[in-house]
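Report on the structure given below.
Residue numbers (my numbering), protein chains in the order written: chain A, 1 to 387; chain B, 1 to 387.
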C-alpha cells in the first residue's frame, strides 16, 4: 500500500504551525463552502431511536430521489442502477472489484488522483498510465496511445471528469473516442464524475459516460456528495451503471460491509432539495477563485499553468528541479511575515517515474484574498529558492 | 465475491410479507435496543457549518476518549494504538490488507461470520478453516489441529470472541493457547471483539488478545460501536494494535479512503458517556432472552443447541436434512396463524463443504414474547416438515 503523497508533507506543516507560521493550504480539496442548511437541518430533526443498519444498497427513498435528480440533469438513470456507497472512494473500490480480477489492468490517463493507485494496489490491479501532459493542456492522448497499451488483461479505462488534479474537462468528442475504444475492445469505462457541477465557462458542458448510446453495458459512473454539497465528512457516494451483472457484484461487496452510514444518508437525501441559488453562488465563487488564481499564477515568471475548465484544482509547472523538495522547503525553511503555503507535489499524481517532477497541484478552495496572498508568497518563495 | 448467505433468503421473506404473513426475524443481528440518548443528542446538538473530512485516523478527541474507555475496561491501549474505521467491517479489511499479501492464508475456526469469507476473497486471501463443532460446544480445536494447517503462506489466525455465529466465549486458556501458536509461528492473532460486553454469566470473563503478555506485536483487535450501543447504522469501528508497522500500513488504507463518517464519530464519541445503568439493563435483557430461547429450543425433540456464553446468537442443529431448504420452506410454504420465522442456514458460516447442513443460526435480538412465539412456530414447522 503506497503512502498518500499529499499527506506525507503533513508533519512538516504541523511543525511550521507549531513555530507560529500560518500555512495557506493550497494542497487539499476540502472546500470552505457551507453545507446546505437543508441537509444539516434534516440530521438535527431526524427522529432516531435505534440507529439501525440501512439497506446495503442505501435507503430506497434516497435512491429514488437521486434517480430523479440525475434524470433532471439529463442522465438516463433509474433507481435500480444506483447503489449508495461510503464515499466516492468505496464506490470506486466496488467498481474495480466488480469488473476486475487480481492481475488485471486498468488504463488511466495521468496525472491522476493519487488514491486511484492505492485502490488499485489494494485490489491487486495493475495501473497502466497513458500520459496527458501539461503541454497539451492535459487533453486526451490519441486513440493509438491507448490501443498500444491494451493487452488481454486490460479490463477498464478510468477517467476523472472534470479532472482532479488537472481540472481538465473532456469534450464530447473525447468521450466518444473513449466509448469507441471500450466498445471495440470490450472494456469497462469507469468515470469519476464527482466534480460534474463544477464547470466555469458558458461555452462548455459536461458529458457523462452514462449518456453515450451503445456503451450502456460498459459505462460505470462514480459519484459523491462530498464536493457537490460541501459534505466531504458525510462519506456518501454511489456507483451507477446499467450493467446488471456489474451491479449484482457491486451489491455483494455492499452486503459484505453491511450498509452505508445512516446519518450521512439522511443528510444526503435532504441535500437533494438544495435550492439552485446555492449552486449558482458556489459556482460563481469558484469561477472567481479560478480566474484569480490563474491570473496571479501567470504573472510569475517561469510558471506555466493550464487553465482548468472544471473541478477546483490546477497543475502548475514551476521553475524548480524538484517540486517535492520545494514543497518541503516551503514548510521547513521559508516564511514571509510568518506565513507560507503548502502545495501538493504533482509527482504523486503520475505513476510514470520521473514525470511531473517540476509540477505541483494547487486547489483553489480558499477565498479570493487568501488565494492572492498565497500566490504572492509562492512568488517570493520561488525568487528566494532560485537565488 | 460470494453472495451473503443470509441475505439470499430476503426475496422469499419479502414475498411472504406481501402475502400478509408476519415474519419473525431470527436471522439478523440488528438489535431492537434503543441507542443511548447521549449519542443521539450529541448529533442533534452538533454545530456543523461545513461537514468536513475528519482526520483519516478519526477525531483525535474520540481516539483519546476511546483509549481511556479501554483502559477503564482493563485493556492496555493508548490513543496512538487506535485507528477509527467505517464499521468493524472496514477495520477487518484494513487489518487483513495490512498483514497479508495476495495468496497468503488465514486460519479461522469455523463456523465463522460469513463476511470474513467475503473480505478475504476481496483481498485475495485464502481462508483455511479449522473445525469447531457443535458436539464440543464450539470449543477451540487442539493446537495440533492448527499446526497441521500452518504453511509458509499462513500469516494470521482470526477469531471472533464472543463468537458470531456460535456465541462461544474463549477461555483464558484457549486465548493463551492461541497466543503460544502465533508466537511460535510468527503469525498475527486478529480478534474480532465487537461483542465483548455481551456476556451473560457471572463466573465467566472476556479475555482480550490485547492483554496477553508477549504477543503485543502479534495481536490486533477489531472493535465496533454497532452492538455495544445499538448503533449499527453509525458505521464506526476501529483497529487496535501495539504493532507500529501494522498501524502505519492501516493508516495508509485509512488515508486512501480519506476519513470515517463525521456525524457517526460525533455519536460514537458521545456514546462513551453512556451510563453503566444502560449496559446493566441491556445485558439483563439479553440474558433473559438467551435463557428463554435456549430453554424453549431444548424443549423441541431432535433439536440440539449449545448454550451461548456471549454475543446474541446460537447455532441449533435441527432434525432436517438440509437447513437451507427448510429455511426457504418456512418462508415460502409454512405459516401458522399468518406467522412464520426466518432463520439463517448455518452452511453459510462454514467454508468446509457439506458441514453444518442441518444447522441454523438464531439471533436472540427480539423481545421475550416474540422469541417464545418464534420457537413455537419453529416447533410446529418442524413437526409439519417431517410429516
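Built from N, CA and C at the ideal position, the CB exists for glycine as well.
Q. Shorter than 7 Å from the beta carbon of residue 53 (chain B) to some beta carbon of chain A?
A. Mapped onto the second chain, residue 53 (chain B) falls at position 53. Yes, its Cβ sits closer than 7 Å to a Cβ of chain A.
Q. When you compare each of A:359, A:20 and A:15 to residue 336 (chain A) by their alpha carbons, which one comes out closest?
A. Translated into positions along the first chain, residue 336 (chain A) becomes position 336. Considering only alpha carbons, the answer is A:20.
Q) Is there a Cβ from chain A that is less than 7 Å from the Cβ of residue 228 (chain B)? A) In the second chain, the residue the question calls residue 228 (chain B) occupies position 228. No, no contact with chain A.
(Q) Using a Cβ-Cβ distance cut-off of 7 Å, determine whether residue 286 (chain A) contacts chain B. (A) Residue 286 (chain A) sits at position 286 when you count from the first residue of the first chain. Output row for residue 286 (chain A): interface = no.
Q. What in chain B is Cβ-close to residue 234 (chain A), meaning under 9 Å?
A. By 1-based counting over the first chain, the position of residue 234 (chain A) is 234. Neighbours of residue 234 (chain A) on chain B, chain order: 51, 261, 262 and 263.
Q: Flag this pair as yes or no: are the beta carbons of residue 317 (chain B) and residue 298 (chain B) separated by less than 7 Å?
A: On the second chain, position 317 is the one that residue 317 (chain B) refers to. On the second chain, position 298 is the one that residue 298 (chain B) refers to. Contact flag unset, no.
Q | Expected contact under 8 Å - CB spacing of residue 119 (chain A) and residue 93 (chain A) to nearest Å | A | Working through the first chain from its first residue, we reach residue 119 (chain A) at position 119. Working through the first chain from its first residue, we reach residue 93 (chain A) at position 93. So it is a contact: roughly 5 Å between Cβ atoms.
Q. Candidates B:386, B:333 and B:300: which alpha carbon is nearest residue 376 (chain B)'s?
A. Position 376 of the second chain, counted from the first residue, corresponds to residue 376 (chain B). For residue 376 (chain B), the nearest C-alpha among the options comes from B:300.
Q.
Beta-carbon within less than 8 Å of residue 338 (chain B)'s beta-carbon, same chain only, minus the 5 sequence neighbours each way: which residues are those?
A. Here residue 338 (chain B) is taken as the residue at index 338 of the second chain, counted from 1. Only 20, 21 and 22 meet the Cβ criterion.
Q | Pairwise C-alpha distance: residue 196 (chain A) and residue 137 (chain B) | A | In the second chain, counting from the first residue as 1, residue 137 (chain B) sits at position 137. In the first chain, counting from the first residue as 1, residue 196 (chain A) sits at position 196. In a straight line, the C-alpha of residue 137 (chain B) is about 56 Å away from that of residue 196 (chain A).
Q: Scan the segment 97 to 125 of chain A for residues whose Cβ lies nearer than 7 Å to a Cβ of chain B and list them as they occur along the chain.
A: 97, 102, 115, 118, 119, 122 and 124
**Q.** Rounded straight-line distance, which links the Cα of residue 125 (chain A) to that of residue 156 (chain A)
**A.** Position 156 of the first chain, counted from the start, is the residue given in the question as residue 156 (chain A). Position 125 of the first chain, counted from the start, is the residue given in the question as residue 125 (chain A). Roughly 11 Å between the two C-alpha positions.
Q. For residue 289 (chain B), does the count of other Cβ atoms within 10 angstroms reach 16, so buried, or fall short, so exposed?
A. Taking the first residue of the second chain as 1, we reach residue 289 (chain B) at position 289. It counts as buried.
**Q.** Cross-strand partners of residue 336 (chain B) (DSSP beta bridge)
**A.** By one-based count along the second chain, residue 336 (chain B) stands at place 336. DSSP output for residue 336 (chain B) lists B:339 as bridge partner(s).
Q: Mind checking the segment 18 to 42 of chain B against chain A and listing, in chain order, the residues whose C-beta falls within less than 8 Å of any C-beta there?
A: 30, 31, 32, 33, 34, 35, 39 and 40
Q) Whose CA, out of B:202, B:163, B:165 and B:207, lies closest to the CA of residue 179 (chain B)? A) Here the question's residue 179 (chain B) lines up with position 179 in the second chain. Selected option, being the one with the closest Cα: B:207.
Q: With 8 Å as the limit, tell me which residues of the segment 74 to 89 of chain A have their beta carbon closer than that to any beta carbon of chain B; keep them in chain order.
A: 86, 87 and 89
Q | Start and end residues, alpha helix (DSSP H) containing residue 361 (chain A) | A | In the first chain, the residue the question calls residue 361 (chain A) occupies position 361. No alpha helix (DSSP H) contains residue 361 (chain A), which is instead part of the beta strand (DSSP E) from 359 to 363.
(Q) Quick check: is the beta carbon of residue 63 (chain A) nearer than 7 Å to any beta carbon in chain B? (A) For the purposes of this step, residue 63 (chain A) is taken as the residue at position 63 of the first chain. So no, residue 63 (chain A) is outside the interface.
Q: At 4 residues or longer, and completely inside the segment 29 to 83 of chain A: list those alpha helix (DSSP H) runs for me, N to C.
A: 37 to 44 and 60 to 72
(Q) The alpha helix (DSSP H) that contains residue 297 (chain B), what's its start and end? (A) Taking the first residue of the second chain as 1, we reach residue 297 (chain B) at position 297. Note, residue 297 (chain B): alpha helix (DSSP H), 276 to 298.
Q) Any C-beta of chain B sitting closer than 7 Å to the C-beta of residue 289 (chain A)? A) What you label residue 289 (chain A) is simply residue 289 of the first chain in a count that begins at 1. Output row for residue 289 (chain A): interface = no.
Q: Taking the CB atoms as reference points, tell me whether residue 161 (chain A) and residue 110 (chain A) lie closer together than 7 Å.
A: In the first chain, residue 161 (chain A) corresponds to position 161, counting from 1. In the first chain, residue 110 (chain A) corresponds to position 110, counting from 1. The answer is no: Cβ separation not under 7 Å.
Q: Just list the alpha helix (DSSP H) runs in the segment 93 to 148 of chain A, keeping only unbroken ones of 4 residues or longer that don't cross its boundaries, in chain order.
A: 114 to 122
Q) Can you find a CB in chain A that lies within less than 7 Å of the CB of residue 256 (chain B)? A) Counting from one through the second chain, the residue named residue 256 (chain B) turns up at place 256. Closer than 7 Å to some Cβ of chain A, the Cβ of residue 256 (chain B) qualifies, so yes.
Q: Kindly indicate which residue of A:185, A:340, A:250 and A:202 has the alpha-carbon position closest to the one of residue 379 (chain A).
A: Against the first chain, residue 379 (chain A) aligns to sequence position 379. With distances taken between Cα atoms, residue 379 (chain A) lies closest to A:340.
**Q.** Beta-bridge partners of residue 23 (chain A), as assigned by DSSP
**A.** In the first chain, counting from the first residue as 1, residue 23 (chain A) sits at position 23. Residue 23 (chain A) pairs with A:340.
Q. If we cut at 7 Å on Cβ distances, does residue 196 (chain A) have a partner in chain B?
A. For this step, residue 196 (chain A) is matched to residue 196 along the first chain. Chain B, which has no Cβ nearer than 7 Å to the Cβ of residue 196 (chain A), makes this no.
Q) Does the separation of the CB atoms of residue 361 (chain B) and residue 294 (chain B) fall below 7 Å? A) On the second chain, position 361 is the one that residue 361 (chain B) refers to. On the second chain, position 294 is the one that residue 294 (chain B) refers to. No, the pair does not count as a contact, with Cβ atoms beyond the cut-off.
Q: Kindly confirm or deny that the segment 71 to 87 of chain B and the segment 273 to 290 of chain B touch, where touching means at least three C-beta pairs closer than 8 Å.
A: no
Q. Using DSSP with H/G/I as helix, E/B as strand and the rest coil, what is residue 389 (chain B)?
A. Here chain B comprises residues numbered 1 to 387, so residue 389 (chain B) is not present and cannot be evaluated.
Q. Using the C-alpha atoms, what's the distance from residue 184 (chain B) back to residue 143 (chain B)?
A. Taking the first residue of the second chain as position 1, residue 143 (chain B) is located at position 143. Taking the first residue of the second chain as position 1, residue 184 (chain B) is located at position 184. So the two alpha carbons sit approximately 12 Å from each other.
Q. Do you know how far the Cα of residue 265 (chain B) is from the Cα of residue 36 (chain B)?
A. Counted from its first residue, the second chain places residue 36 (chain B) at position 36. Counted from its first residue, the second chain places residue 265 (chain B) at position 265. Looking at the two C-alpha atoms, the distance is approximately 14 Å.
Q) Sorted by chain position, which residues of the same chain lie with C-beta nearer than 6 Å to residue 247 (chain B)'s C-beta, five sequence neighbours on each side aside? A) Within the second chain, numbered from 1, the residue matching residue 247 (chain B) stands at position 247. Correct list, in chain order: 241.
**Q.** CA nearest to the CA of residue 198 (chain A), picked from A:213, A:173, A:214 and A:167
**A.** Position 198 of the first chain, counted from the start, is the residue given in the question as residue 198 (chain A). Looking at the Cα atoms, A:167 is the closest of the given residues.
Q | Environment of residue 227 (chain B) [buried if 16+ CB atoms lie within 10 Å] | A | Working through the second chain from its first residue, we reach residue 227 (chain B) at position 227. Buried, since its Cβ has 16 or more Cβ neighbours within 10 Å.
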